[in-house]
Each structure stands twice: as structure tokens, then as C-alpha cells.
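Chemist: The working numbering applies: residue 33 is where the sequence shown begins, and numbers increase by one.
Using N, Cα and C, we set each Cβ at its ideal position, and we do this for glycine too.
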Amino acid sequence: MKPSIRWATLGWTFFIAENAILSENRSTIIEQLGDENYHLVYGTLSTAATASIGYGYYQLRKAAQSPNVKLLKSKPPAGNAAGAWVFISVGVFLASQALPRMQIPISNSGSSSIQVRCPFDFTGKKENDSSPVYGIERITRHPGLWSMGLVGAGNSLLATSVPMRLWWCGPSLVAWLGGAHTDSRFRRGLGGQMDPVYDSLTSNVPFLALVSGKQGNGSWQALKCETKELNALASVAASTIWILRRMR
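#1: Hey, is the segment 255-272 in contact with the segment 124-136, meaning 3+ C-beta pairs nearer than 8 Å?
#2: To the nearest angstrom, report how far apart Thr119 and Lys256 are at their CA atoms.
#3: Closer than 8 Å is the cut-off here; do at least three beta carbon pairs connect the segment 85-99 with the segment 57-68?
#4: Helix, strand or coil for Phe125? Go by DSSP, reduced to three states.
#5: Have a look at the DSSP bridge pairing and note the partners of Phe46.
#6: Quick check: the segment 44-51 against the segment 203-220, are at least 3 beta-carbon pairs closer than 8 Å?
#7: Threshold first: 4 residues or longer. Then list the alpha helix (DSSP H) segments lying entirely within the segment 143-215, N to C.
#8: Indicate whether Ala191 and Trp200 have their beta-carbon atoms separated by less than 8 Å.
#9: Taking 8 Å as the threshold (C-beta atoms), are Val229 and Pro164 in contact?
#10: Let me know the secondary structure DSSP gives Asn51 once reduced to three states.
#11: Starting from Ser139, trace the alpha helix (DSSP H) in both directions and tell me its first and last residue.
#12: Could you check if Asn140 is buried or exposed, using at least 16 other CB atoms within 10 Å of its CB as the buried criterion?
#13: Over the uninterrupted alpha helix (DSSP H) stretch that includes Pro228, give me the two end residues.
#14: When we look at the beta-carbon of Met33 and count the other beta-carbons within 10 Å, is it buried (16 or more) or exposed?
#15: Count the other CB atoms within 10 Å of the CB of Ile136; is the residue buried (16 or more) or exposed (fewer)?
#16: Quick test of your reading: Phe239 and Ile171, contact by CB under 8 Å. State the CB separation rounded to the nearest angstrom.
#17: May I have the straight-line CA-CA distance separating Ala281 from Glu169, to the nearest angstrom?
#18: Give the C-beta separation of Pro195 and Ile37 to the nearest angstrom, bearing in mind that I take them to be a contact with Cβ-Cβ under 8 Å.
Laid out in C-alpha cells, this is it:
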């Protein structure tokens, strides 16, 4: 295996493996070591794995400066850029929905006076408390993981070398395998619980539950109503700027 491929893959492999092994055997390890020592081991190995991922990226960036490195293209093709824009936009969109709802800071209350308010609405109001699924949960059970995974997939399409493309595929692999493993553990009551109704209405892979019709008629309209609109627009704008800068 070439050194560049090792730097691109081994850090992510270590991260996925140690998380899966430690979380799957959580009860046994706690019985042997105690809860405090379990979290010490978990935190230490996760930190080491994350550091190895970062160091791998550093090595790949340093290697990219070498004139001997063969690039796929000096600039990503338009098709890759379009795909990257879709992936990154959805990834940043998922992250934006976790933030307080953005709002226009100037409003008119109906009187002649104009009110200035905070650009964020911190009330966190939820229009439909009775629904077992709300907002971006309609897209995926693990929006945090898939936000990272989709941004990684988008940047993989923009990468100009094979090792860097492999490195950027790592977050998607973490989201897919990590989300599936978490679901499996929760269904078995290991480290959490999975409500059967919630399980039947949602999916790990983004949009699978919506496309398959699990949530019934009107689910797309419900997602639209439950979306924080200005947050979504800001995420698409940020993604567009990022792509345009990469294509210069």
C-alpha cells in the first residue's frame, strides 16, 4: 500500500473500529474496568484516532506540494462541482437546522413604528408536538453524522488527487456505519433505546424514509413547513460561495 493511501485511510479505519468495538462491548468493559475507566479508555482512543485523521490530512496536504504528485485534474470538472454543491448544501443545511431559527432583525408590528429584534429566535417553538418525527429527523435519524458525511462527500468530488478523495470519503463512511451501528445497539437496548414507531418512520441514510413513503402522504410538505427557512437559505448561500471559490 502506498504511503499516501495509508495516510488517507488508516486514521478513519482506526476511528470507526475503536468506536464500534468499544461501544458494542460497553457493558462488558464497564463490568471489568468500571464506568469511569471505560470513558477514560474511550476518550483516549477516540482522541488518538481523531489526531491520526488530522495528521493524515496534514501529510496529504504536504505531499500535494510535491511536483511529483500526479493530479487527476488541476481543477474539478463542472459535473463534479455540481454534485459537490448538492452534497455540501444538504450537509450544511442539516447543520443549520440545529441552530436557533434565523429571522429578519427588523419587523413591523402593525403600527407605524419599526421594531429591531435579535436575528435569532431562541424560543425553539415546535408547531407539531404530537408528531413522533419532526424537522430534519424526517431526512435522517443522525443529522449530525450525515452533515459531516455529506460535506465530506462533496469535498471528495472537489479533490484533485486520489488519496485526498479517499480521505474525504471518510466522514461518509463514519456516518453510514456509525449511524447503522448506533441504530443496531439501540434496538437491542445497548446504551439507549429505539422507539419502534420512530424506527419505522425514519432512516439512517438521508431521504430514504421520505422517498420510500414511510412517513405517508404529506411528509414532504411537512418537512417544508418544519424547516427553518432563513437557516436553509444561508446554508445554500455558504455552500455556493465555497464551490465558486474552489472553481476559481
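Modeler: On the basis of the data shown:
#1: yes
#2: Taking the first residue of the sequence shown as position 1, residue 119 is located at position 87. Taking the first residue of the sequence shown as position 1, residue 256 is located at position 224. Note that residue 119 corresponds to Phe in the displayed sequence, not to Thr. Rounded to whole angstroms, Phe119 to Lys256 spans 19 Å at the Cα level.
#3: no
#4: Within the sequence shown, residue 125 is the residue found at index 93, counting from 1. The answer is helix: DSSP assigns Phe125 an H, G or I state.
#5: As a position in the sequence shown, residue 46 is number 14, starting the count at 1. DSSP, once it has assigned bridges, lists no residue as partnering Phe46.
#6: yes
#7: 175-190
#8: Looking up residue 191 in the sequence shown gives position 159. Looking up residue 200 in the sequence shown gives position 168. Contact flag set, yes.
#9: Translated into positions along the sequence shown, residue 164 becomes position 132. Translated into positions along the sequence shown, residue 229 becomes position 197. In contact: Pro164 and Val229 (Cβ atoms closer than 8 Å).
#10: What you label residue 51 is simply residue 19 of the sequence shown in a count that begins at 1. Correct three-state label for Asn51: helix.
#11: For this step, residue 139 is matched to residue 107 along the sequence shown. First-last for Ser139: Ile138 to Asn140, but that is the beta strand (DSSP E), not the alpha helix (DSSP H).
#12: In the sequence shown, residue 140 corresponds to position 108, counting from 1. Asn140 should be labelled exposed.
#13: The residue labelled residue 228 in the question sits at position 196 within the sequence shown. Pro228 to Leu233 is the extent of the alpha helix (DSSP H) around Pro228.
#14: Position 1 of the sequence shown, counted from the start, is the residue given in the question as residue 33. Exposed, by the Cβ-count rule.
#15: What you label residue 136 is simply residue 104 of the sequence shown in a count that begins at 1. Answer is exposed; the Cβ neighbour count stays below 16.
#16: Walking along the sequence shown from the start, residue 239 turns up at place 207. Walking along the sequence shown from the start, residue 171 turns up at place 139. Right, their Cβ atoms sit about 6 Å apart.
#17: The structure shown has nothing for residue 281, since the chain only spans 33 to 280.
#18: The residue you call residue 195 lines up with position 163 of the sequence shown. The residue you call residue 37 lines up with position 5 of the sequence shown. Yes, they are in contact, since the Cβ atoms of Pro195 and Ile37 sit about 6 Å apart, within 8 Å.
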